[in-house]
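Note that the working numbering gives residue -5 to position 8 of the sequence shown, counting from 1, and the numbers run on in steps of one.
Notes to accompany the following structure.
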Amino acid sequence: MRRLIALFCLLLAGCGYNLGLRPPDLLKEVHIEEVKAEADPKFSSALYRALREEFQSKGIKVVQGAERRLKGEVVELRFEPIAFDRSAYATQYRASVNTTFKLLQGEEVIWSLSGLRKEKVFTAKGAPALDEHLLTKALEEIARDIAHELYLRLLIAGFRCPCAQ
-12 MRRLIALFCL
-2 LLAGCGYNLG
8 LRPPDLLKEV
18 HIEEVKAEAD
28 PKFSSALYRA
38 LREEFQSKGI
48 KVVQGAERRL
58 KGEVVELRFE
68 PIAFDRSAYA
78 TQYRASVNTT
88 FKLLQGEEVI
98 WSLSGLRKEK
108 VFTAKGAPAL
118 DEHLLTKALE
128 EIARDIAHEL
138 YLRLLIAGFR
148 CPCAQ
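This is the structure we're talking about:
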């Protein structure tokens, strides 16, 4: 049994697979472009910041002019009331964001992801300024969730066996 386990580990190592949680070689350094979000430029900035923070916190250098570039676009940004009081005023809203991302080397797309969707529900407090603040907080949480999931998906993609390509 020990020989079988040793052989299995040797095969994994020979394929370039790594059992550790370090950033894959593919992502040692990346340039993150400003995320396109025509519907809400503030969300574009929040998502860009969240991506930078997520990648840097994982030891990935985010540098201008890196060989690999991450491009993102917000395909859809929606706010919809989902609960109402007796007077038909909205008391809860759902904020949802649908995104696409591409990792490029030069002009070649080396990885892409469509349909990365996240949503948050928040309760309206009735005061417009407070509700705007709650919406902003919900969008910041969505941005962090998107950045984290994108990092995880890129990490998984980076551990693919090179001999299988």
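In this text, a Cβ means the ideal position worked out from N, Cα and C, and glycines have one as well.
- Item | Residues of its chain near R81, where Cβ-Cβ distance is below 7 Å and the 5 sequence neighbours each way are ignored | Walking along the sequence shown from the start, residue 81 turns up at place 94. E67, I69, E106 and V108, listed in sequence order.
- Hey, could you find the ends of the beta strand (DSSP E) E67 is sitting in? The count along the sequence shown starts at 1 and reaches residue 67 at position 80. Here the beta strand (DSSP E) through E67 covers R55 to F71.
- Message: Please return the same chain residues whose Cβ sits closer than 6 Å to the Cβ of K89, not counting the five positions on each side in sequence.
- Response: Taking the first residue of the sequence shown as 1, we reach residue 89 at position 102. Once the five neighbours on either side are set aside, the close Cβ partners of K89 are K58, V96 and S99.
- Of the listed residues S32, E60, T78 and A75, nearest to H85 (C-alpha basis): Position 98 of the sequence shown holds residue 85. First, the amino acid is wrong: residue 85 is Asn here, not His. Closest option to N85, Cα to Cα, is E60.
- CA-CA distance, A111 and T78? Here residue 111 refers to the residue found at position 124 of the sequence shown. Here residue 78 refers to the residue found at position 91 of the sequence shown. So the alpha carbons of these two residues sit roughly 5 Å apart.
- Item | Close-in-space but distant-in-sequence residues of the same chain around Y35 (CB under 7 Å, 5 per side omitted) | Walking along the sequence shown from the start, residue 35 turns up at place 48. Closer than 7 Å at Cβ, skipping near neighbours: I19, E21 and V22.
- Query: When you compare each of R55, L126 and D118 to L64 by their alpha carbons, which one comes out closest?
  - Reply: Stepping through the sequence shown from its first residue, residue 64 is reached at position 77. Ranking the options by Cα distance to L64, first place goes to L126.
- Measuring CA to CA, which of Y138, G145, L139 and H120 is closest to K29? Numbered from its first residue, the sequence shown carries residue 29 at position 42. For the residues Y138, G145, L139 and H120, the minimum Cα distance to K29 belongs to H120.
- Query: In this structure, what does DSSP give as the bridge partners for E106?
  - Reply: Counting from one through the sequence shown, the residue named residue 106 turns up at place 119. Paired residue(s): S83.
- Query: When burial is assigned at 16 or more other CB atoms within 10 Å of the CB, is E94 buried or exposed?
  - Reply: On the sequence shown, position 107 is the one that residue 94 refers to. Flag for E94 reads exposed.
- Have a look at A114 and L103 and give me their C-alpha separation to the nearest angstrom. Within the sequence shown, residue 114 is the residue found at index 127, counting from 1. Within the sequence shown, residue 103 is the residue found at index 116, counting from 1. Using only the alpha carbons, I get a separation of about 32 Å.
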